[in-house]
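Asks: Protein chains in written order, with my numbering: chain R, 1 to 810; chain W, 811 to 927. There's a structure below that I have some questions on.
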Amino acid sequence: MRSRKPNKPSLVVVGNGMAGIACLEQILRHGKQFDVTVFGDETHVNYSRILLSNVLAGVQDFEGITLNPLNWYQENSITLRLGVRVTGIDPLARTVNGDDGSVTKYDKLLLATGSRSMIPPIPGMEKAGVCAWRTLDDTKRLLEWSGPGKHAVVVGGGLLGLEAARGLQVQGCDVTIIHLLDTLMNRQLDNTGGHYLQRKIENLGIHVRTKCTIQAVHGSKHVESVELNTGKLLPADIVVVAAGIIPNVELGRMAGLTVKRGIVVNDYMETSDPDIYAVGECVEHRGMTYGLVAPLIEQGKVLAATITGNRGPVYEGSSTATKLKVAGVDVFSAGTFDEAEAGVDVVRYEDPGLGIYKKLVLREGRMIGAILVGDVTESGQYMEWIRSRQDLTAKRRSLLIPEPKKDPGATVAEMSDAEVVCGCMGVTKGAIIEAIHDRGICTLPQLKEATRASTGCGSCAGTCNALLAAVAPGFEPDKAQVLCGCVPYSEEQLRSMIHTQQIRGVQQVLEIYGNGVGCEKCRPALSYMVDVVWNGGHEEDRASRFINDRVHANIQRDGTFSVIPRMRGGVTSPDELRKIADVADKYNVPLVKVTGSQRIDLLGVNKEDLPGMWADLGMPSGQGYSKGLRMVKTCVGADYCRFGTQEAIGTGIELEKRLENLYTPHKTKLAVVGCPRNCAEATVKDIGLVGQEGSWQVVVGGAAGKSVRKADVLITVATTEEALESAELFFQYYREGGNYLERSYDFVERLGMDKIRRETVYAPPEARAALLERLHKAKAASYDAWQEGAMPRTASQFVQIQSLETPVEV
Amino acid sequence: MAWFKVTEAGNIPLREGRSVRLGRRELAIFHLPEGFKAIDNRCPHNLGPLCDGITKGTKVVCPLHGWNVCLETGKVVSPNVPVGVTTYPVRVSDGIIHIQLPDAKSSENELEEETAA
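Okay, here's the thing in structure tokens:
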């Protein structure tokens with residue numbers, strides 16, 4: 001135990017959640033004037049409750065959502081009592097009783113007891129498999145229960161219900177949302193907005209039943225089904241209740257405080273007892289209770305001033321603005337949006353194709369409410385207009401289509417310093433600028449670290465970046481371009497969305513983030529991204545692939561195809577050559593040609609003949625048509641060549657075996673040479689291994705196409721195995737970071753060799769192992785495409801359709 | 811004018827095309843979310859096989875040089891040239907795709923007409 005200074009008054013905080021600890025952080029900013037004890041009935045340190053949805057969706061782990069690690073409590077000399085529930089308060093003796101039998105004295109008491117899930121009084125709710133979703137332990141339980149083939153029913157189509165539904169779906173469950181009212185998120189959205197959201201949710205494959213309730217939960221001990229108000233039974237292995245929250249006010253009542261729906265506080269966050277304060281979801285202020293993070297932070301700041309003897313700042317209530325990502329969909333809602341109200345004007349914008357809906361509500365020329373679904377870029381502006389109540393009559397014609405900004409900093413320049421940028425963490429523009437100046441911050445990760453802005457739902461990342469661009473001297477603008485008008489995001493963003501939202505199909509990406517249609521540019525690119533993010537653990541969408549990758553041959557100018565069998569390292573045999581000759585004869589192949597890649601190309605083949613030719617050849621596909629590994633060209637090397645210093649053929653064949661059948665952003669051509677004479681031109685290949693006396697030089701980013709570029713040296717290594725591994729590291733690094741149709745020589749120029757070396761061959765051992773592990777996972781899931789000749793994906797993959805009836809010509 | 815039974819709807823995967831020979835014509839049939847479409851299979855540009863193109867909503871992109879052909883009107887919509895291909899009416903009944911050809915007769919249809927007369 002630390003020795004306590006007897007003259008410090010004691011502060012007891014009941015509740016170790018976001019509200020209590022955020023408030024405590026503010027209190028500590030006024031100085032360490034209290035001896036602090038924190039009680040938490042959960043057994044975990046303070047974590048971000050809003051990020052539990054990420055944990056359920058498998059995007060973050062429990063450690064990743066910790067807000068205050070144990071050493072934060074220690075550093076601030078806070079006595080932490082985890083797993084202890086406070087069961088009583090004696091306001092006269094000024095003590096609290098713990099359920100462990102402890103009695104703790106307080107001079108000041110802070111109630112941050114939060115709220116609990118409302119469990120509707122339905123028969124069968126006590127069965128195993130029924131669960132509210134509120135805590136980290138609930139989340140652990142749901143992760144344990146869920147899995148492929150499980151049926152999950154989510155009661156409540158509000159924010160929490162939608163997050164639960166998406167998380168469970170990502171875990172493999174078949175999910176149905178049951179919602180009492182007509183439309184989803186009815187507290188934040190109007191009916192049209194709710195319908196837009198519902199369509200996006202249903203596109204994800206989640207079933208939605210609105211105007212629906214559950215009247216019973218059936219099953220022996222464990223839930224087996226739920227009975228709807230219509231009498232219909234839905235199979236259910238898991239039932240999650242997300243039908244609203246109830247403030248935990250019992251302790252307040254026990255202490256004799258004024259309690260209505262919540263514990264009543266005044267504008268200074270004082271309760272009816274001068275030594276007791278309350279903050280967060282358990283509080284009622286001016287008749288309102290709040291369930292979002294931003295108001296709790298605002299309350300905490302005021303409370304901290306009051307309790308530390310700096311009484312002055314007042315809390316005047318929070319504008320009920322919500323800006324978040326619900327199951328991957330951007331949603332913003334603020335103010336009121338009742339159109340029936342007298343004197344109200346509505347400005348609307350709808351794009352059903354892209355799933356964008358905007359509605360602005362005005363009264364007497366002033367904005368009083370806004371709803372945005374699918375595109376929330378202007379939300380900061382709307383929020384500010386609602387707050388400032390400014391007269392918008394002059395701007396009336398361009399409310400929805402803001403005038404183009406000449407200066408990219410203009411949007412953020414128009415924001416006032418008090419405007420909240422990150423609603424989740426309550427960080428203002430002023431606070432961000434202060435952090436940028438005081439701490440020399442110039443990247444978003446640094447800004448997150450310093451201010452916690454953008455660490456909640458992340459929807460303010462764009463504004464944070466704009467602020468960095470405008471204010472930070474060292475900020476490097478994001479050069480990334482959007483992939484395509486169909487899905488207007490950069491490839492880096494898309495890869496991250498595919499990963500974090502666990503999307504495994506091209507059509508799903510287009511439905512959620514794009515126009516639902518796609519085109520010949522974005523579809524193949526998205527197909528590649530899904531492949532490289534999941535390393536084979538996904539559904540390949542053949543409709544999104546160029547014809548070459550549907551029939552595994554290269555289409556020629558007359559609509560025929562070319563067939564190139566794999567000939568690893570350019571080495572063949574009399575037997576293979578005989579088979580190639582026989583096949584060329586049998587199928588009347590018009591042209592047989594030796595390629596620049598040391599292989600043999602059979603040109604002018606009809607699509608229908610492809611499977612037969614592959615079977616007769618009995619050789620694997622050389623992938624001479626794909627955006628993937630083409631070949632590893634070799635020289636004769638030390639086996640026969642007088643000058644050879646390293647074994648080129650064997651090394652080349654081994655390299656080809658390790659990388660064949662894998663896709664890359666663009667075609668990838670490799671070579672291995674046994675000495676610096678470079679007979680197989682390794683220094684103008686995407687990856688080259690150049691043998692020299694006692695070592696290998698690994699070179700990358702070479703080209704001998706439209707332009708000629710000498711490859712850069714990645715590393716020089718002593719052994720053949722090290723050379724192969726270095727090539728593998730770069731290959732996977734390019735697969736993951738290259739934009740679709742970006743050749744390796746553009747890739748290395750864009751990133752720079754220093755960065756590439758730092759993140760591949762000179763990366764920490766764990767990072768290198770992880771790269772190789774992902775490569776090997778993808779390799780294990782890959783296969784020789786020509787196997788589809790014998791096992792076509794569909795009966796008509798290679799053959800023309802034979803009509804059931806044919807016309808009699810007239 | 812006559813309708814011809816061509817193939818089971820399930821033979822053409824969603825958002826893909828397949829070719830079929832009907833007398834002297836070669837058609838490309840596409841399976842779109844909004845239904846099946848049939849056009850002449852040869853791109854007006856360089857006779858590329860349109861059935862092998864990637865679909866882009868209700869358009870197909872020729873695999874050879876990227877011309878965009880509208881599957882509903884047959885018109886080339888990109889580049890901006892006043893050419894196009896013939897389109898054919900399609901209907902699906904009992905899971906079978908039927909295509910109507912303007913100037914061809916089927917023996918079956920003649921039979922039906924005779925019976926009707």
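C-beta atoms are modelled at their ideal positions from N, C-alpha and C, and glycine is treated no differently. All of these numbers come straight from a predicted model, not from anything done at the bench.
From the DSSP output, in three-state form, read off T79 of chain R for me.
Replies: Position 79 of the first sequence, counting from 1, holds the residue named residue 79 of chain R. In the structure shown, T79 of chain R sits in a strand (DSSP, three-state: E or B).
Asks: Within 8 angstroms of any Cβ in chain W, is that where the Cβ of E805 of chain R sits?
Replies: Mapped onto the first sequence, residue 805 of chain R falls at position 805. For E805 of chain R, the answer is yes, since a Cβ of chain W falls inside 8 angstroms of its Cβ.
Asks: Check whether chain R comes within 8 angstroms of G905 of chain W, counting only Cβ atoms and requiring the distance to be less than that.
Replies: In the second sequence, counting from the first residue as 1, residue 905 of chain W sits at position 95. False, the Cβ-Cβ gap to chain R never drops below 8 angstroms.
Asks: Taking all protein chains shown into account, do 16 or more other C-beta atoms lie within 10 angstroms of the C-beta of N229 of chain R, making it buried, or fewer, making it exposed?
Replies: Position 229 of the first sequence, counted from the first residue, corresponds to residue 229 of chain R. Under this definition N229 of chain R is an exposed residue.
Asks: Establish whether the CB of N890 of chain W and some CB of chain R are separated by less than 8 angstroms.
Replies: Locating residue 890 of chain W in the second sequence gives position 80, counting from the first residue. With 8 angstroms as the cut-off, N890 of chain W does not count as an interface residue toward chain R.
Asks: What is the C-beta distance between I907 of chain W and I839 of chain W, in whole angstroms, given that I count them as a contact (C-beta under 8 angstroms)?
Replies: For the purposes of this step, residue 907 of chain W is identified with residue 97 of the second sequence, where counting begins at 1. For the purposes of this step, residue 839 of chain W is identified with residue 29 of the second sequence, where counting begins at 1. Yes, they are in contact, since the Cβ atoms of I907 of chain W and I839 of chain W sit about 7 angstroms apart, within 8 angstroms.
Asks: Going by alpha carbons, who is nearest to G328 of chain R out of R:D174, R:A525 and R:Q508?
Replies: Against the first sequence, residue 328 of chain R aligns to sequence position 328. Nearest C-alpha to G328 of chain R: R:Q508.
Asks: Mind listing which residues of the region 868-902 of chain W have their C-beta closer than 8 angstroms to chain R's C-betas, in chain order?
Replies: Those residues of the region 868-902 of chain W that come within reach of chain R (Cβ to Cβ, closer than 8 angstroms) are V871, P873, L874 and G876.
Asks: For the alpha helix (DSSP H) holding D61 of chain R, just list the boundary residues, first then last.
Replies: By one-based count along the first sequence, residue 61 of chain R stands at place 61. Run containing D61 of chain R: none; DSSP gives neither H nor E here.
Asks: Is G905 of chain W near the ligand SAH, going by C-beta to nearest heavy atom under 7 angstroms?
Replies: Of ligands this structure carries none, so the ligand SAH is not represented either.
Asks: So which residues of chain W does T794 of chain R contact, with C-beta pairs closer than 8 angstroms?
Replies: Position 794 of the first sequence holds residue 794 of chain R. Going along chain W in sequence order, the residues near T794 of chain R (Cβ under 8 angstroms) are N821 and P823.
Asks: Does the CB of F846 of chain W have a neighbour CB from chain R at under 8 angstroms?
Replies: Taking the first residue of the second sequence as position 1, residue 846 of chain W is located at position 36. False, the Cβ-Cβ gap to chain R never drops below 8 angstroms.
Asks: Step through the CB atoms of chain W and report whether any lies within less than 8 angstroms of the CB of I756 of chain R.
Replies: On the first sequence, residue 756 of chain R is found 756 positions in, with the first residue counted as 1. Chain W, which has no Cβ nearer than 8 angstroms to the Cβ of I756 of chain R, makes this no.
Asks: On the three-pair Cβ rule with 8 angstroms, is the region 887-897 of chain W touching the region 820-832 of chain W?
Replies: They do not touch, by the three-pair rule.
Asks: From the beta carbon of Q800 of chain R, is the nearest beta carbon of chain W less than 8 angstroms away?
Replies: Taking the first sequence and counting its residues from 1, one reaches residue 800 of chain R at position 800. Q800 of chain R counts as touching chain W.
Asks: Per DSSP, what kind of secondary structure is A342 of chain R in: helix, strand or coil?
Replies: Looking up residue 342 of chain R in the first sequence gives position 342. Three-state DSSP puts A342 of chain R in coil, outside helix and strand.
Asks: Can you list the alpha helix (DSSP H) stretches of 4 or more residues lying completely in the region 508-540 of chain R, in chain order?
Replies: Entirely contained in the region 508-540 of chain R, the alpha helix (DSSP H) runs reaching 4 residues are, in chain order, 522-534.
Asks: Taking the alpha-carbon positions, what's the E805 of chain R to A914 of chain W distance?
Replies: Here residue 805 of chain R refers to the residue found at position 805 when the first sequence is read from its first residue. Here residue 914 of chain W refers to the residue found at position 104 when the second sequence is read from its first residue. Each residue's Cα considered, the two are about 12 angstroms apart.
Asks: Which residues mark the beginning and the end of the beta strand (DSSP E) in which P235 of chain R is found?
Replies: Residue 235 of chain R sits at position 235 when you count from the first residue of the first sequence. Looking at the DSSP string, the run of the beta strand (DSSP E) that includes P235 of chain R is L233 to P235.
Asks: Take I653 of chain R as the anchor and find which of R:S102, R:E693 and R:T720 has the nearest alpha-carbon.
Replies: Residue 653 of chain R sits at position 653 when you count from the first residue of the first sequence. It is R:T720.
Asks: When you compare the region 176-184 of chain R with the region 145-157 of chain R, are there three or more beta-carbon pairs, one atom per stretch, that lie closer than 8 angstroms?
Replies: Taking 8 angstroms as the limit for Cβ pairs, the verdict is that the region 145-157 of chain R does touch the region 176-184 of chain R.
Asks: What does the Cβ neighbour count give for V103 of chain R, buried or exposed, with the cut at 16 atoms within 10 Å?
Replies: As a first step, residue 103 of chain R is located in the first sequence; it is residue number 103 there, counting from the start. It is exposed - the Cβ of V103 of chain R has fewer than 16 other Cβ atoms within 10 Å.
Asks: Would you mind telling me which residues of chain R sit closer than 8 angstroms to A812 of chain W, beta carbon to beta carbon, in chain order?
Replies: Here residue 812 of chain W is taken as the residue at index 2 of the second sequence, counted from 1. Those within 8 angstroms of A812 of chain W in chain R are P807.
Asks: Do you know how far the Cα of R116 of chain R is from the Cα of V226 of chain R?
Replies: On the first sequence, residue 226 of chain R is found 226 positions in, with the first residue counted as 1. On the first sequence, residue 116 of chain R is found 116 positions in, with the first residue counted as 1. About 23 angstroms.
Asks: Do you know how far the Cα of V55 of chain R is from the Cα of G64 of chain R?
Replies: The sequence position of residue 64 of chain R within the first sequence is 64, counting from 1. The sequence position of residue 55 of chain R within the first sequence is 55, counting from 1. Going from the Cα of G64 of chain R to the Cα of V55 of chain R covers about 9 angstroms.
Asks: Kindly indicate if chain W contains any beta-carbon less than 8 angstroms away from that of V517 of chain R.
Replies: Position 517 of the first sequence, counted from the first residue, corresponds to residue 517 of chain R. Closer than 8 angstroms to some Cβ of chain W, the Cβ of V517 of chain R qualifies, so yes.
Asks: Locate the beta strand (DSSP E) running through I432 of chain R, then write down its first and last residues.
Replies: Sequence index remark: in the first sequence, residue 432 of chain R carries index 432 (1-based). Per DSSP, I432 of chain R belongs to no beta strand (DSSP E); it is in the alpha helix (DSSP H), K429 to R439.
Asks: For the region 853-869 of chain W, enumerate the residues whose C-beta is nearer than 8 angstroms to any C-beta of chain R, in chain order.
Replies: Taking 8 angstroms as the Cβ-Cβ cut-off against chain R, the residues of the region 853-869 of chain W that qualify are N856, L857, G858, P859, D862, G863, I864, T865, K866 and G867.
Asks: Helix, strand or coil for W813 of chain W, going by three-state DSSP, please let me know.
Replies: Locating residue 813 of chain W in the second sequence gives position 3, where the first residue counts as 1. If DSSP states are grouped into helix, strand and coil, W813 of chain W belongs with the strands.
Asks: Which class does C464 of chain R belong to by DSSP, given the choice of helix, strand or coil?
Replies: Counted from its first residue, the first sequence places residue 464 of chain R at position 464. Three-state DSSP puts C464 of chain R in a helix.
Asks: Mind reading off the beta-carbon distance from L67 of chain R to Y73 of chain R? Whole number of angstroms is fine, and I expect it under 8 angstroms.
Replies: Against the first sequence, residue 67 of chain R aligns to sequence position 67. Against the first sequence, residue 73 of chain R aligns to sequence position 73. In fact, because the Cβ distance is near 11 angstroms, the residues do not count as touching under 8 angstroms.
Asks: Between which two residues does the beta strand (DSSP E) harbouring C880 of chain W extend?
Replies: Within the second sequence, residue 880 of chain W is the residue found at index 70, counting from 1. Per DSSP, C880 of chain W belongs to the beta strand (DSSP E) from N878 to C880.
Asks: Using a Cβ cut-off of 8 angstroms (strictly closer), state whether I547 of chain R contacts chain W.
Replies: Along the first sequence, read from residue 1 onward, the residue named residue 547 of chain R stands at position 547. Judged by the 8 angstroms Cβ criterion, I547 of chain R is in contact with chain W.
Asks: Measuring CB atoms only, is the region 329-336 of chain R touching the region 293-302 of chain R, in the sense that at least three cross pairs come out at less than 8 angstroms?
Replies: As far as the Cβ criterion goes, the region 329-336 of chain R does not touch the region 293-302 of chain R, which means the pair count is below three.
Asks: I687 of chain R: which of R:A723, R:A718 and R:S695 sits nearest, CA to CA?
Replies: As a working note, residue 687 of chain R is residue 687 in the first sequence. The option with the nearest alpha carbon to I687 of chain R is R:A723.
Asks: With C-beta atoms as the reference, is V690 of chain R less than 8 angstroms away from A682 of chain R?
Replies: The residue labelled residue 690 of chain R in the question sits at position 690 within the first sequence. The residue labelled residue 682 of chain R in the question sits at position 682 within the first sequence. Result yes, Cβ atoms of V690 of chain R and A682 of chain R sit closer than 8 angstroms.
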